[in-house]
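K.L.:
Quick one: the structure is below, and I'll ask about it shortly.
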Amino acid sequence: MFSPYYALARRRHAQVNPENHCAINLAIYSPGNKRWTMTERSAASISRNQTEFVIGPSSLHWNGDHLRVDFVERAVPFGQRVVGHFKLYPKQLFNFSTHLDDQHKHRWGPLAPAARIEVELESPKIKWQGNAYFDSNEGDEPIA
Numbered sequence: 141m142f143s144p145y146y147a148l149a150r151r152r153h154a155q156v157n158p159e160n161h162c163a164i165n166l167a168i169y170s171p172g173n174k175r176w177t178m179t180e181r182s183a184a185s186i187s188r189n190q191t192e193f194v195i196g197p198s199s200l201h202w203n204g205d206h207l208r209v210d211f212v213e214r215a216v217p218f219g220q221r222v223v224g225h226f227k228l229y230p231k232q233l234f235n236f237s238t239h240l241d242d243q244h245k246h247r248w249g250p251l252a253p254a255a256r257i258e259v260e261l262e263s264p265k266i267k268w269q270g271n272a273y274f275d276s277n278e279g280d281e282p283i284a
């Protein structure tokens, strides 16, 4: 969990629900269009099933051969809209993770170290395709 709000809540309270600090983080760096999002939403804004994870107005959906991410977010610090989707087509999926600490509480793994991506944004108006990478970080407890 990389949320400064989650870290602050943990300093104030012993028990904090990490699902009250979920976000879809996007970073867009193209000429004239630099935008970054990480709008945290509460557990009430989350739903999930075997193929889909929804956070507020944005979602991740596995479509059999690719991951589709639809997003409706706001950039900081000025609140510009970031709206669109991308499709990530893994060349191969990996079921590997390695422990990042001696207690085996934190793990990292490359889910798709080589993939093709198609990006289409309505706001800002950007469309491209190319190579991509997709990994996972997970843990059984917060990083101190």
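So in my numbering, the last spot in the sequence shown is 284, and the numbers never skip.
Virtual Cβ for every residue (Gly too), placed ideally from N, Cα, C.
Quick check on DSSP: helix, strand or coil for residue 141?
P.N.:
The sequence position of residue 141 within the sequence shown is 1, counting from 1. Legend: pLDDT at residue 141 = 48, less than 50; position of this residue unreliable, value from coordinates given subsequently. Coil, per DSSP.
K.L.:
Can you list, in chain order, the residues of its chain with a C-beta nearer than 8 Å to that of residue 192? Leave out the 5 residues immediately preceding and following it.
P.N.:
Mapped onto the sequence shown, residue 192 falls at position 52. Excluding sequence neighbours, residue 192 sits near 199, 200, 201 and 202.
K.L.:
Based on the DSSP secondary-structure assignment, which residues constitute the bridge partners of residue 170?
P.N.:
As a first step, residue 170 is located in the sequence shown; it is residue number 30 there, counting from the start. According to DSSP, residue 170 bridges with 173.
K.L.:
Tell me which same chain residues have a C-beta within less than 7 Å of the C-beta of residue 270, skipping the five on either side of it?
P.N.:
Taking the sequence shown and counting its residues from 1, one reaches residue 270 at position 130. Cβ within range, chain order: 257.
K.L.:
For residue 216 and residue 182, what's the separation of their Cα atoms in angstroms?
P.N.:
As a first step, residue 216 is located in the sequence shown; it is residue number 76 there, counting from the start. As a first step, residue 182 is located in the sequence shown; it is residue number 42 there, counting from the start. Straight-line Cα distance between these residues: approximately 19 Å.
K.L.:
Hey, would you say residue 172 sits closer than 7 Å to residue 185, going by beta carbons?
P.N.:
Sequence index remark: in the sequence shown, residue 172 carries index 32 (1-based). Sequence index remark: in the sequence shown, residue 185 carries index 45 (1-based). For residue 172 and residue 185, no; Cβs fall outside 7 Å.
K.L.:
Less than 8 Å between the CB atoms is what I'm expecting for residue 255 and residue 229, so what's the real figure, rounded?
P.N.:
Residue mapping note: residue 255 aligns to position 115 of the sequence shown, counting from 1. Residue mapping note: residue 229 aligns to position 89 of the sequence shown, counting from 1. That pair is a contact at about 6 Å.
K.L.:
Less than 8 Å between C-beta atoms, sequence neighbours within five positions excluded: which residues of the same chain meet that for residue 238?
P.N.:
Here the question's residue 238 lines up with position 98 in the sequence shown. Taken in chain order, the residues that qualify are 247, 248 and 249.
K.L.:
Could you tell me the boundaries of the beta strand (DSSP E) in which residue 269 lies?
P.N.:
One-based indexing of the sequence shown puts residue 269 at position 129. Run containing residue 269: 266-279, per the beta strand (DSSP E) assignment.
K.L.:
Between the Cα of residue 222 and those of 165, 189 and 277, spot the shortest distance and give me the residue it belongs to.
P.N.:
Working through the sequence shown from its first residue, we reach residue 222 at position 82. Comparing Cα-Cα distances from residue 222 to each of 165, 189 and 277, the minimum goes to 165.
K.L.:
Using a Cβ-Cβ cutoff of less than 7 Å, which residues in the same chain neighbour residue 206 once the five nearest sequence positions on both sides are dropped?
P.N.:
Taking the first residue of the sequence shown as 1, we reach residue 206 at position 66. So the qualifying residues of the chain are 227, 228 and 229.
K.L.:
With distances taken Cα to Cα, identify the nearest neighbour of residue 240 among 278, 145 and 273.
P.N.:
Taking the first residue of the sequence shown as position 1, residue 240 is located at position 100. Of the listed residues, the one whose Cα sits closest to residue 240 is 278.
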